[in-house]
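> In terms of our numbering, the sequence shown opens at residue 14 and continues consecutively.
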Amino acid sequence: MNSPRAWAVENGVLRQLSAPVGTPAEVSPARDTTIIKTRYTGLCGSDVAKLSHPWQGRLPAPWYPGHEIVGVDTETDGWVAIDPLVSCRSCHYCDRGHVHLCPRLRRIGWDLPGGLADCVRVPRESVIPLLQMHDPAHGVLADPMAVALHGVRCGLRLPLGRLGIIGGGVLAVCTAICAAGAGWDVYMLVREPSRLHQLRYVLDRQITLHSVELPECDAVVDAASGHSDGPIRQALKAVRDGGTVLVQNAYAPRVVLSVPLRDVFRRSITLRGSFSYCRADGYDDFRDAIDVIAKGGDWAALMTRDRFPLSELPQGLAALSNEARHRPFKVLLTSDT
14 MNSPRAWAVE
24 NGVLRQLSAP
34 VGTPAEVSPA
44 RDTTIIKTRY
54 TGLCGSDVAK
64 LSHPWQGRLP
74 APWYPGHEIV
84 GVDTETDGWV
94 AIDPLVSCRS
104 CHYCDRGHVH
114 LCPRLRRIGW
124 DLPGGLADCV
134 RVPRESVIPL
144 LQMHDPAHGV
154 LADPMAVALH
164 GVRCGLRLPL
174 GRLGIIGGGV
184 LAVCTAICAA
194 GAGWDVYMLV
204 REPSRLHQLR
214 YVLDRQITLH
224 SVELPECDAV
234 VDAASGHSDG
244 PIRQALKAVR
254 DGGTVLVQNA
264 YAPRVVLSVP
274 LRDVFRRSIT
284 LRGSFSYCRA
294 DGYDDFRDAI
304 DVIAKGGDWA
314 ALMTRDRFPL
324 SELPQGLAAL
334 SNEARHRPFK
344 VLLTSDT
């Protein structure tokens with residue numbers, strides 16, 4: 014059998030290296046670990062931005078990406094998804110379940126080796142069984158669905174009303190599903206015609222799709238790409254005075270807000286960030302996200318439709334940058350080593 018391989022960025026070059034399956038130095042030896050044979054790894058938009066564009070921020074050296082991981086646990090032989098947040102479990106934030114704010118947080122696929130590999134070693138506490146998943150590949154949606162759940166639960170503490178969503182990607186779709194399930198009247202702004210057409214067939218009728226602009230909303234979620242401040246400006250335009258704008262996407266390092274802050278504050282708009290996900294108030298966003306996905310829906314099949322062999326990562330990245338009619342919502346890399 015050949016040695017396991019992993020994609021990595023080293024000295025600014027994307028290439029395949031030997032997979033670092035030993036216990037990472039950043040994981041405490043006291044933590045039990047296991048090796049996961051990866052089967053599906055999703056390309057998150059945050060990874061794509063760093064792999065496909067000149068990146069002006071810091072990267073680990075080397076960087077082994079991939080945090081949306083589904084595979085088989087070598088100890089149990091069961092299908093699992095991997096929660097990529099590895100917190101210290103002892104600080105002020107961890108005590109309250111806000112693990113995403115832990116100052117010593119380590120993330121699989123960033124600080125720790127990720128899942129664009131034949132196999133990866135992870136802390137056992139990060140391993141979540143996929144017991145009811147119709148298609149295990151749908152488990153790669155657990156991370157974006159957890160981000161969406163966190164935003165709806167922790168970022169939109171308002172009386173339920175009209176919620177606008179900027180974006181037509183996976184995070185926006187997951188947010189619409191979570192918000193509609195929570196009772197919001199959901200309106201999505203999807204500018205790309207092919208995506209708008211496809212979403213009409215897979216989303217519930219209670220989610221209204223728009224292609225030009227949103228109606229006035231009580232709250233607006235910015236879940237779009239973050240290479241310009243266009244999405245947040247659209248959100249501020251659509252939200253009513255006294256409303257809330259929730260930013261769920263990670264803007265590129267040097268993007269600045271071109272809207273005068275005086276106008277934002279004069280309108281009494283609450284501008285909130287919603288980073289990652291947590292385990293607060295009796296919830297576990299990642300585990301709960303798996304339960305949402307396991308309920309099924311044509312949207313999950315659409316989001317995970319486009320799959321490439323692990324060796325074809327460059328081709329998968331190229332497909333995501335393609336302006337053709339059927340640009341993937343998400344690319345999955347598959348491994349069967």
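Where a beta carbon is used, it is the ideal one built from N, C-alpha and C, also for glycine.
Give the DSSP bridge partners of Leu222, in chain order.
As a working mapping, residue 222 is identified with position 209 in the sequence shown. BP columns for Leu222 point to Met201.
> With 16 other CB atoms within 10 Å as the buried threshold, where does Asn335 fall?
Looking up residue 335 in the sequence shown gives position 322. Looking at its Cβ environment, which holds fewer than 16 other Cβ atoms inside 10 Å, Asn335 is exposed.
> Any chance the segment 190–208 sits against the segment 319–326, with 3 or more Cβ pairs inside 8 Å?
Cβ pair count under 8 Å is below three, so no.
> Of the residues Ala293, Trp312 and Asp298, which one's Cα is nearest the Cα of Gly110?
The count along the sequence shown starts at 1 and reaches residue 110 at position 97. Checked all of Ala293, Trp312 and Asp298; the closest Cα to Gly110 is Ala293.
> Would Pro17 and Pro126 be called neighbours here (beta carbons separated by less than 8 Å)?
For the purposes of this step, residue 17 is taken as the residue at position 4 of the sequence shown. For the purposes of this step, residue 126 is taken as the residue at position 113 of the sequence shown. Taking 8 Å as the Cβ cut-off, Pro17 and Pro126 do not qualify as a contacting pair.
> Just tell me which of Ser31, Asp301, Gly255 and Cys291 has its CA closest to the CA of Arg279.
In the sequence shown, counting from the first residue as 1, residue 279 sits at position 266. When only C-alpha atoms are compared, the closest one is Gly255.
> What would DSSP say about Ile207, mapped onto helix, strand or coil?
Within the sequence shown, residue 207 is the residue found at index 194, counting from 1. The sequence as given places Ser at residue 207; Ile does not occur at that position. Note: Ser207 maps to helix in three-state DSSP.
> How many Å lie between Tyr53 and Pro157 at the Cα?
Counting from 1 along the sequence shown, the entry for residue 53 is found at position 40. Counting from 1 along the sequence shown, the entry for residue 157 is found at position 144. Roughly 15 Å separates the two Cα atoms.
> Under a three-way DSSP split, which group does Val305 fall into?
Taking the sequence shown and counting its residues from 1, one reaches residue 305 at position 292. Looking at Val305 - three-state DSSP - the assignment turns out to be helix.
> Give me the DSSP bridge partner(s) of Gln29.
The residue given as residue 29 occupies position 16 in the sequence shown. Paired residues: Trp20.
> How many angstroms separate the CA atom of Ile49 from the CA atom of Leu98?
For the purposes of this step, residue 49 is identified with residue 36 of the sequence shown, where counting begins at 1. For the purposes of this step, residue 98 is identified with residue 85 of the sequence shown, where counting begins at 1. When rounded, the distance between both Cα atoms is 16 Å.
> Between Val258 and Asp231, is the Cβ-Cβ spacing less than 8 Å?
On the sequence shown, position 245 is the one that residue 258 refers to. On the sequence shown, position 218 is the one that residue 231 refers to. Not a contact, by the Cβ cut-off of 8 Å.
> Is Ile190 helix, strand or coil by DSSP?
Within the sequence shown, residue 190 is the residue found at index 177, counting from 1. Ile190: helix per DSSP, three-state reduction.
> Three Cβ pairs or more, each shorter than 8 Å: is that satisfied between the segment 210–220 and the segment 180–190?
The answer is yes - the segment 180–190 touches the segment 210–220, with three or more Cβ pairs under 8 Å.
> Rounded C-beta distance between Gly79 and Gly122? I'm assuming under 8 Å.
As a position in the sequence shown, residue 79 is number 66, starting the count at 1. As a position in the sequence shown, residue 122 is number 109, starting the count at 1. Contact flag correct, Cβ pair sits at about 5 Å.
> For Arg175, I'd like the list of residues in its chain whose CB is within less than 6 Å of its CB, leaving aside the five on either flank, ordered along the chain.
Along the sequence shown, read from residue 1 onward, the residue named residue 175 stands at position 162. Here the set comprises Asp198, Cys230 and Asp231.
> Does the segment 136–143 come close enough to the segment 262–277 to have 3 or more Cβ pairs within less than 8 Å?
Touching, no, given that fewer than three Cβ pairs across the two stretches are closer than 8 Å.
> Can you tell me whether Arg102 is buried or exposed, with buried defined as 16 or more other CB within 10 angstroms of its CB?
Translated into positions along the sequence shown, residue 102 becomes position 89. Exposed, by the Cβ-count rule.
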